[in-house]
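To start, the structure under review is shown below, and the notes come after it.
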Amino acid sequence: MLLAVATVPALAQDFSSWGFDPGALMADSRELLMRAPDSSVDGLFQAVHASAQTPQDARTLCALFDPDAQRSLDGYNQIASQLSEQSRIRFADAATNFFLTAAQSPRQPYDANVATQALKAAGVRAALLNDGFLAGLNGGDHDARCRSVGLLIDAMASRPVGERASVMRLLLSQGIDYLSLGAGPQR
Numbered sequence: 628m629l630l631a632v633a634t635v636p637a638l639a640q641d642f643s644s645w646g647f648d649p650g651a652l653m654a655d656s657r658e659l660l661m662r663a664p665d666s667s668v669d670g671l672f673q674a675v676h677a678s679a680q681t682p683q684d685a686r687t688l689c690a691l692f693d694p695d696a697q698r699s700l701d702g703y704n705q706i707a708s709q710l711s712e713q714s715r716i717r718f719a720d721a722a723t724n725f726f727l728t729a730a731q732s733p734r735q736p737y738d739a740n741v742a743t744q745a746l747k748a749a750g751v752r753a754a755l756l757n758d759g760f761l762a763g764l765n766g767g768d769h770d771a772r773c774r775s776v777g778l779l780i781d782a783m784a785s786r787p788v789g790e791r792a793s794v795m796r797l798l799l800s801q802g803i804d805y806l807s808l809g810a811g812p813q814r
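Position one of the sequence shown corresponds to residue 628 (the working numbering), numbered consecutively onward.
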């Protein structure tokens, strides 16, 4: 799920070649996130899920979960540039739909506590169905962590659209908070 947090800001920066100001997009991103209909937020999740199904793209996206990953727009752009063309197109289409529908929609209902519980429930489901899930997610082994993240994404994929959108709003909101701190230590 956190993969979308990394790729959406990178895509926003890529929009500058189309005449959009990425700084303005980031400044308005929280409002857009709260206005986007569930279907367009879920489109971002679907782009992440589809990319996670391709071994090359899954390895690329998993680099975001390394403790020493560069979590900045430059770092996110570097990772996004390593995705397959099909994944980049899928993310660009999902991000475009997200921005367009958010700009045309009223604020959507959202409860961060409900989203947190939905994410925890997906984690519990992944842990119950997959031996080693928690050890992989919390351990230092890159490949095990990647497998666990993939299992969590798969567990979320089986949930209703509203839950997926709520979790995506939570994670994207946390990503916006992280990027807005900007001056903090780059990890």
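Built from N, CA and C at the ideal position, the CB exists for glycine as well.
Less than 8 Å between the beta carbons of residue i and residue j, yes or no?
{"i": "Ala792", "j": "Asp655", "result": "no"}
{"i": "Ser667", "j": "Ala730", "result": "no"}
{"i": "His676", "j": "Ala784", "result": "yes"}
{"i": "Ala685", "j": "Gly777", "result": "yes"}
To the nearest angstrom, how far is the alpha carbon of residue i from that of residue j?
{"i": "Val788", "j": "Pro694", "result": "30 Å"}
{"i": "Arg814", "j": "Pro664", "result": "Confidence is the limiting factor: at Arg814 the pLDDT is only 38, short of 50, which leaves the residue's position unreliable and the question unanswerable from this model."}
{"i": "Ala674", "j": "Ala721", "result": "7 Å"}
{"i": "Gly702", "j": "Leu756", "result": "33 Å"}
{"i": "Tyr737", "j": "Ala690", "result": "30 Å"}
{"i": "Asp758", "j": "Gly750", "result": "12 Å"}
{"i": "Lys747", "j": "Leu727", "result": "30 Å"}
{"i": "Gly802", "j": "Phe692", "result": "13 Å"}
{"i": "Leu761", "j": "Asp768", "result": "12 Å"}
{"i": "Asp687", "j": "Ala739", "result": "At residue 687 the sequence reads Thr, which differs from the Asp that was named. Cα-Cα distance, rounded: 29 Å."}
{"i": "Thr634", "j": "Gln709", "result": "Residue confidence for Thr634 is low, a pLDDT of 49 falling below 50, so the modelled location carries little weight; the figure read from the coordinates is stated next. Cα to Cα, the separation comes out at about 11 Å."}
{"i": "Gln705", "j": "Ala719", "result": "15 Å"}
{"i": "Thr591", "j": "Arg662", "result": "Not covered by the structure: residue 591. The range shown for the chain is 628 to 814."}
What's the call for residue i, buried or exposed, on a 16-neighbour Cβ count within 10 Å?
{"i": "Ile716", "result": "exposed"}
{"i": "Arg734", "result": "exposed"}
{"i": "Ser711", "result": "exposed"}
{"i": "Thr743", "result": "exposed"}
Determine the closest residue to residue i out of the options, with distance taken between C-alpha atoms.
{"i": "Asp804", "options": "Ser699, Leu691, His676 and Asp684", "result": "Ser699"}
{"i": "Val741", "options": "Gly802, Leu671 and Met795", "result": "Met795"}
{"i": "Arg774", "options": "Asn704, Arg786 and Ala754", "result": "Ala754"}
My understanding is that residue i touches residue j, with C-beta atoms under 8 Å, so please give their C-beta distance in whole angstroms.
{"i": "Ser732", "j": "Thr681", "result": "About 31 Å separates the two Cβ atoms, so there is no contact after all."}
{"i": "Leu798", "j": "Phe725", "result": "No, Leu798 and Phe725 are not in contact; Cβ-Cβ is about 14 Å, not under 8 Å."}
{"i": "Leu660", "j": "Ser800", "result": "6 Å"}
{"i": "Arg752", "j": "Ala782", "result": "5 Å"}
{"i": "Ala696", "j": "Ile780", "result": "The Cβ separation is near 17 Å, so there is no contact."}
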